[in-house]
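Here the numbering used here is used: the first residue of the sequence shown is 9, the next is one more, and so on. Cβ coordinates follow ideal geometry from the N, Cα and C atoms, glycine included. For clarity, every value in this text was computed on a predicted model and none was experimentally measured.
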Amino acid sequence: MAVDWRMRMVAWLSDRIGDPSEIAGPEKARAAIRKTTPKLIFGVPAVMQSVIDERVADVPVRRFTPRGVKDGVIVWFHGGGWVVGDAQSHEIPCRALAEATQREVISVEYRLAPEHRFPAALDDCLAVTRALSSTHRAVAVAGDSAGGNLAAVVARRFVEEQRKLRAQLLVYPVTDCGAESPSYERYASGHLLSRSTMRYYSREYAPDDAKRLHPDISPLRAGSLAGVAPARVVLAECDVLHDEGLAYAEKLKADGVPVELDEVPGFLHGFFNLQGFAESRAALQRAAAWLSQRLE
């Protein structure tokens, strides 16, 4: 299917507003991703009962508490290739998830590469999720892109540690940093996340080629995923990460894990943050409904 014309517009504007991360460098790229206007594209932030910056397991987090909050918590790991992104850049989808599920969303400010390379981000995400799992009856993990990668790895590590998670929401996750699937070629450039930018992110997170084959970086390469929390995998059809995300959903299913796949046709990587579009809002609402059922 062809790229949605609105997504083409967003990609065109993105290419002209700023340089990609591999050219801009971490600091400029981090500043750029924090911009969440215009509302026509990014959407209107949902009103929360409170938004508090605090620390969990000595890791900075932002806690989004909706009105009428219920028991259960969603631990959110933001995207940005392990190099950019933070609670501010992903505040709109976090607020929307909190409002739609009536659950607290804890956005983890994990350490970023290249200042802090693998396994720093994973260590922070694990520490926060372990701490919350000891104080909450029901915990789910969620994340987009590199954050989806971290959520998938945390879910697998929790099985190894004999800890419980209710669910994992993986939004266009990075699942294999050791190989490039055919969608890397199909959507190599001009589709918001380019092949060259993804290569840059992987190198900055884990410079050692051999290390990128480890299942804690490339969860698709894990021997077995049996026993991990039920998963919902949300994909953008026109995305360099599409095929590896689909492969991960298929591996989960083959290993006996309950999986729901939600592919948004014609849309690009990053659409979950673009809550100004009806399709993006609908995908988030579907994900929220699924999470709510599993946190009961």
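The criterion of a C-beta distance shorter than 8 Å is not satisfied by S204 and E35.
When DSSP assignments are scanned along the stretch 172–239, the uninterrupted stretches of beta strand (DSSP E) that are 3 or more residues long and fall wholly within it turn out to be 175–179. Under the three-pair Cβ rule at 8 Å, the stretch 251–260 does not count as touching the stretch 15–24. Boundaries cannot be given for V77, as no beta strand (DSSP E) includes it and DSSP labels it neither H nor E.
According to the DSSP assignment, R145 belongs to no alpha helix (DSSP H), since it is labelled neither H nor E. Between the beta-carbon of S97 and that of I41 there is about 5 Å, and that keeps the pair under the 8 Å contact cut. Non-local beta-carbon contacts of R70 in its own chain, meaning distances under 6 Å to residues more than five positions away in sequence, involve D61, A95 and S115 in chain order.
Contact annotation, L269 with F280: C-beta distance approximately 15 Å; criterion of less than 8 Å not satisfied. Assignment of beta-bridge partners to R63 by DSSP yields P68.
When C-beta atoms of the stretch 243–254 are compared with those of the stretch 176–192, three or more pairs fall below 8 Å, so the two segments count as touching.
Counted as a single uninterrupted DSSP element, the beta strand (DSSP E) harbouring V113 occupies residues E112 to V116. Annotation: L276 to D131 spans about 29 Å, alpha carbon to alpha carbon.
Here the C-alpha atom of D247 lies approximately 7 Å from the C-alpha atom of S191. The Cβ atoms of P238 and A175 sit closer than 8 Å to each other. For the pair of segments examined, the stretch 137–155 was found to touch the stretch 79–94: the number of CB pairs separated by less than 8 Å reaches three. DSSP places G155 in the uninterrupted alpha helix (DSSP H) bounded by A154 to E168. For F50, the three-state secondary structure derived from DSSP is helix. Residue environment for T143: exposed (fewer than 16 other C-beta atoms within 10 angstroms of its C-beta). 8 Å or more divides the Cβ of V91 from the Cβ of L134. A straight-line Cα-Cα distance of about 24 Å links M17 and G33.
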